[in-house]
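Peer 1: Shown below is the structure under consideration.
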Amino acid sequence: MGIVLKQSFVNTAILFLGFVIGGVNVLFLYTHFLQENYFGLITFLLSTANIILPLLVFGMQHTVIKYYSSYKTKIEKDSFLITTLLIPLIVIIPFGLVGTYFYETISNWLSVENPFIKKYTGLIFIIAIFMGYFEVFYSWTKVQFNSIFGNFIKEIFARVCVSLLLVAVYIGWLTNEQFIYAVVVVYGIRTLIMKIYALYIYKPKLIFKFPSNIKKIINFSLYIIVAGSAAGILLEIDKFMIPQMEQIAQVAYYSVGIYIASVIAIPTRAMQQITSPITAKYMNEHNLVEVEKLYKKTSINLLVIGGLFFLLINLNITDLYQIIDKPQFTKGIWIVLIISIAKLMELALGIGNAILVNSKYYKIFFYLSLAMAISVIILNKWLINAIGINGAALATLIVVIVYSIYKIVYIKSKLRIQPFSLETIKLLLIIFGMFALFYFWNFSFNPLINIALKSLIVVVLYLILVKKTNISKDINDLISRYLFVK
Numbered sequence: 378m379g380i381v382l383k384q385s386f387v388n389t390a391i392l393f394l395g396f397v398i399g400g401v402n403v404l405f406l407y408t409h410f411l412q413e414n415y416f417g418l419i420t421f422l423l424s425t426a427n428i429i430l431p432l433l434v435f436g437m438q439h440t441v442i443k444y445y446s447s448y449k450t451k452i453e454k455d456s457f458l459i460t461t462l463l464i465p466l467i468v469i470i471p472f473g474l475v476g477t478y479f480y481e482t483i484s485n486w487l488s489v490e491n492p493f494i495k496k497y498t499g500l501i502f503i504i505a506i507f508m509g510y511f512e513v514f515y516s517w518t519k520v521q522f523n524s525i526f527g528n529f530i531k532e533i534f535a536r537v538c539v540s541l542l543l544v545a546v547y548i549g550w551l552t553n554e555q556f557i558y559a560v561v562v563v564y565g566i567r568t569l570i571m572k573i574y575a576l577y578i579y580k581p582k583l584i585f586k587f588p589s590n591i592k593k594i595i596n597f598s599l600y601i602i603v604a605g606s607a608a609g610i611l612l613e614i615d616k617f618m619i620p621q622m623e624q625i626a627q628v629a630y631y632s633v634g635i636y637i638a639s640v641i642a643i644p645t646r647a648m649q650q651i652t653s654p655i656t657a658k659y660m661n662e663h664n665l666v667e668v669e670k671l672y673k674k675t676s677i678n679l680l681v682i683g684g685l686f687f688l689l690i691n692l693n694i695t696d697l698y699q700i701i702d703k704p705q706f707t708k709g710i711w712i713v714l715i716i717s718i719a720k721l722m723e724l725a726l727g728i729g730n731a732i733l734v735n736s737k738y739y740k741i742f743f744y745l746s747l748a749m750a751i752s753v754i755i756l757n758k759w760l761i762n763a764i765g766i767n768g769a770a771l772a773t774l775i776v777v778i779v780y781s782i783y784k785i786v787y788i789k790s791k792l793r794i795q796p797f798s799l800e801t802i803k804l805l806l807i808i809f810g811m812f813a814l815f816y817f818w819n820f821s822f823n824p825l826i827n828i829a830l831k832s833l834i835v836v837v838l839y840l841i842l843v844k845k846t847n848i849s850k851d852i853n854d855l856i857s858r859y860l861f862v863k
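Our numbering runs 377 ahead of the 1-based position in the sequence shown.
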């Protein structure tokens with residue numbers, strides 16, 4: 378776990394800093410400097426781009442992770458990497474031509490409830506291309522076990538740029554409309570930087586020859602395109618569907634709640650940067666012993682860190698919304714708790730998704746992802762109509778719990794490995810016991826002071842309990858080394 382823990386620790390720090398910057402953007406700058414319609418619009422554009430991203434790059438970001446370690450010579454590796462840049466063009470070019478021809482039809486369909494959207498529909502395609510090629514180049518660095526710089530550019534660079542753009546809107550240098558186009562430019566620059574760095578880390582020779590296993594690559598990619606799109610649907614479809622049934626400002630309220638809850642996913646996103654290529658390597662070597670070790674360690678370690686974030690967020694949520702000082706945004710307060718529970722379930726899965734994708738059973742990941750996407754669309758349609766934006770969050774929670782349990786059971790049945798232990802039960806008792814204990818305990822000072830006091834008490838008690846119950850050796854080592862808790 379040396380390289381995993383080291384890079385995961387740095388990536389967690391980067392992601393946390395990125396979330397802090399993003400939190401300032403979402404909770405304060407967006408809510409106070411940008412009109413709510415434009416806040417909802419940029420969220421809609423980015424979310425829709427994320428949904429079509431896997432299709433446009435033909436799933437190559439996942440294909441790089443799965444197959445790179447299987448090649449032995451530099452010529453084979455170079456041929457493979459160049460192929461991952463060329464294949465997406467087979468989709469992007471005709472997709473762009475068709476989109477241009479049917480632009481009026483597509484834009485009218487997307488803007489039925491909110492005509493405001495129509496003018497900006499074409500930006501979805503451009504953003505998706507930028508995002509897609511960024512992920513491909515980022516995967517190039519991941520397979521070299523170098524994930525930190527890409528993570529920095531992805532999580533911090535774009536958010537700092539958005540902060541500056543929002544300030545520019547506030548002081549009158551940019552209009553709300555110009556801000557939207559400026560954000561698209563930022564995503565283009567981000568992709569260019571990632572390309573330059575990827576070529577610096579490893580520069581393949583221009584070999585215009587398909588790898589010998591091109592049929593296997595295409596077959597895998599076809600499945601992963603749908604699986605990736607389905608995963609994107611699960612994450613982003615709510616922000617896409619809400620404007621089809623509600624006013625676009627509701628997306629802004631929903632996004633704030635989602636963003637706050639997403640802090641819990643920081644450990645997962647950080648650890649995945651390095652565990653995905655390592656899992657692929659072990660699976661290619663048929664080393665299930667190491668896979669199982671990684672499976673169990675990632676599950677418990679992610680739950681420990683995510684559990685602390687869960688407590689800090691949900692025990693301070695009322696004070697946090699008071700700091701935001703925008704009463705209309707409190708519509709998303711229950712969304713935070715609902716999505717937080719879903720995120721904890723995802724943490725418990727550990728590297729389960731990476732195991733499925735990189736195993737011979739990868740096709741089941743396609744079917745499960747497709748089923749999840751269909752389920753969340755049906756549930757969103759029903760629950761958003763029934764209870765508004767809270768329904769979108771509830772739909773996500775139901776789908777995540779049901780399908781995560783199925784994935785765990787499936788991996789257990791096929792590979793005879795599972796992520797849980799007695800420590801998992803002890804940890805869940807600590808998390809939910811502390812939640813019950815502190816949820817109704819509130820201070821009556823300034824919201825900032827309230828958050829600081831409650832957070833200090835929760836962090837100290839949580840770390841002591843985790844340490845004393847010996848839930849994770851890795852976490853205990855970190856606590857002893859950096860916090861000097863014996």
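Using N, Cα and C, we set each Cβ at its ideal position, and we do this for glycine too.
Where are the alpha helix (DSSP H) runs, 4 residues long or more, that stay fully inside the segment 425–474, in chain order?
Peer 2: You should have 437–444.
Peer 1: Look at the alpha carbon of D615 and the alpha carbon of L840, and state the distance between them as a whole number of angstroms.
Peer 2: One C-alpha to the other measures close to 35 Å.
Peer 1: I want to know whether the segment 727–737 touches the segment 650–665 - three or more CB-CB distances under 8 Å.
Peer 2: Cβ pair count under 8 Å is three or more, so yes.
Peer 1: Can you check whether the CB of I848 is closer than 8 Å to the CB of L804?
Peer 2: In contact: L804 and I848 (Cβ atoms closer than 8 Å).
Peer 1: Do the CB positions of L418 and I494 come within less than 8 Å of each other?
Peer 2: Yes; because the gap between Cβ atoms is below 8 Å, this pair is in contact.
Peer 1: Count the other C-beta atoms from every protein chain shown that fall within 10 angstroms of the C-beta of K592, then say buried if there are 16 or more, exposed otherwise.
Peer 2: K592 is exposed by the Cβ-count criterion.
Peer 1: Only counting the same chain, and skipping five residues up and downstream in sequence, which positions put a Cβ closer than 7 Å to that of F393?
Peer 2: Cβ within range, chain order: I643.
Peer 1: So I866 and N767 are in contact, right, with Cβ under 8 Å, and what is the actual spacing, rounded?
Peer 2: Because the chain in this structure spans residues 378 to 863, residue 866 falls outside the shown range and cannot be described.
Peer 1: Could you compute how far the alpha carbon of I391 sits from the alpha carbon of W517?
Peer 2: Roughly 19 Å separates the two Cα atoms.
Peer 1: By the three-class DSSP mapping on this structure, what secondary structure does F817 have?
Peer 2: Coil.
Peer 1: From D854 to K845, what does the alpha carbon distance come to, in whole angstroms?
Peer 2: Roughly 12 Å separates the two Cα atoms.
Peer 1: Is it buried or exposed, H663, if we count other Cβ atoms within 10 angstroms and call 16 or more buried?
Peer 2: Label assigned to H663: exposed.
Peer 1: Going by DSSP in three states, K592 sits in which element: helix, strand or coil?
Peer 2: Helix, per DSSP.
Peer 1: CA-CA distance, I530 and F514?
Peer 2: Approximately 12 Å, taken between the alpha carbons.
Peer 1: With I828 and D696 assumed to form a contact (beta carbons below 8 Å), what rounded beta-carbon distance in angstroms separates them?
Peer 2: Right, their Cβ atoms sit about 5 Å apart.
Peer 1: For the alpha helix (DSSP H) that contains R567, what are its first and last residues?
Peer 2: Taken as a continuous stretch (DSSP letters only), the alpha helix (DSSP H) holding R567 covers N553 to I578.
Peer 1: What residues in its chain sit with their C-beta under 6 Å from that of S484, if we drop five residues either side in the sequence?
Peer 2: If we look at S484 and ignore the five residues flanking it on each side, its Cβ neighbours are K495 and T498.
Peer 1: Using the C-alpha atoms, what's the distance from Y547 back to S540?
Peer 2: Each residue's alpha carbon lies about 11 Å from the other.
Peer 1: Whole angstroms are fine: how far does the CA of I690 sit from the CA of I826?
Peer 2: Roughly 15 Å separates the two Cα atoms.
Peer 1: Would you say K592 touches the ligand COA, meaning its beta carbon is less than 7 Å from a heavy atom?
Peer 2: The ligand content of the structure shown is nil, which means the ligand COA is not present either.
Peer 1: In angstroms with no decimal places, state the Cα-to-Cα distance between D455 and K572.
Peer 2: C-alpha separation (whole angstroms): 15 Å.
Peer 1: Please confirm whether I651 and F522 have their CB atoms less than 8 Å apart.
Peer 2: Yes, the pair counts as a contact, with Cβ atoms nearer than the cut-off.
Peer 1: So, with DSSP's three-state summary, where would you put F742?
Peer 2: It is helical.
Peer 1: Hey, how far is the Cα of Y698 from the Cα of L543?
Peer 2: Their Cα atoms are separated by approximately 21 Å.
Peer 1: How many whole angstroms separate the CB atoms of F617 and F743, which I take to be in contact at a CB cut-off of 8 Å?
Peer 2: Actually they do not touch by this definition, with Cβ atoms about 21 Å apart.
Peer 1: Using a Cβ distance threshold of 8 Å, determine whether the segment 702–710 contacts the segment 664–679, with at least three qualifying pairs required.
Peer 2: They do not touch, by the three-pair rule.
Peer 1: Candidates A731, L806, L745 and N678: which alpha carbon is nearest D851's?
Peer 2: When each option's Cα is compared against that of D851, the closest is N678.
Peer 1: Can you say whether P588 is buried or exposed, counting buried as having 16 or more other CB atoms within 10 angstroms of its CB?
Peer 2: Flag for P588 reads buried.
Peer 1: Can you tell me the Cβ-Cβ gap for L433 and V489, rounded? I've got them flagged as a contact below 8 Å.
Peer 2: In fact, because the Cβ distance is near 24 Å, the residues do not count as touching under 8 Å.
Peer 1: Can you grab the Cα-Cα spacing for the pair V776 / S752, in whole Å?
Peer 2: Looking at the two C-alpha atoms, the distance is approximately 7 Å.
Peer 1: From which residue to which residue does the alpha helix (DSSP H) around F706 run?
Peer 2: No alpha helix (DSSP H) holds F706; DSSP gives it neither H nor E.
Peer 1: Going along the chain, which residues of its own chain have a beta-carbon closer than 7 Å to the beta-carbon of I602, five neighbours each way excluded?
Peer 2: P431, L432, F435 and G436, listed in sequence order.
Peer 1: With distances taken Cα to Cα, identify the nearest neighbour of K443 among F396, K519, I464 and I802.
Peer 2: For K443, the nearest C-alpha among the options comes from K519.
Peer 1: Could you round the C-beta distance between E532 and G683 to whole angstroms and report it? I think they count as a contact, below 8 Å.
Peer 2: About 17 Å; that fails the 8 Å criterion.
Peer 1: Evaluate R858 with the Cβ neighbour count: other Cβ atoms within 10 Å of its Cβ, from every protein chain shown; 16 or more gives buried, anything less gives exposed.
Peer 2: Exposed, since its Cβ has fewer than 16 Cβ neighbours within 10 Å.
Peer 1: Taking all protein chains shown into account, decide if A638 is buried (16 or more other Cβ within 10 angstroms of its Cβ) or exposed.
Peer 2: With 16 or more other Cβ atoms within 10 Å, it is buried.
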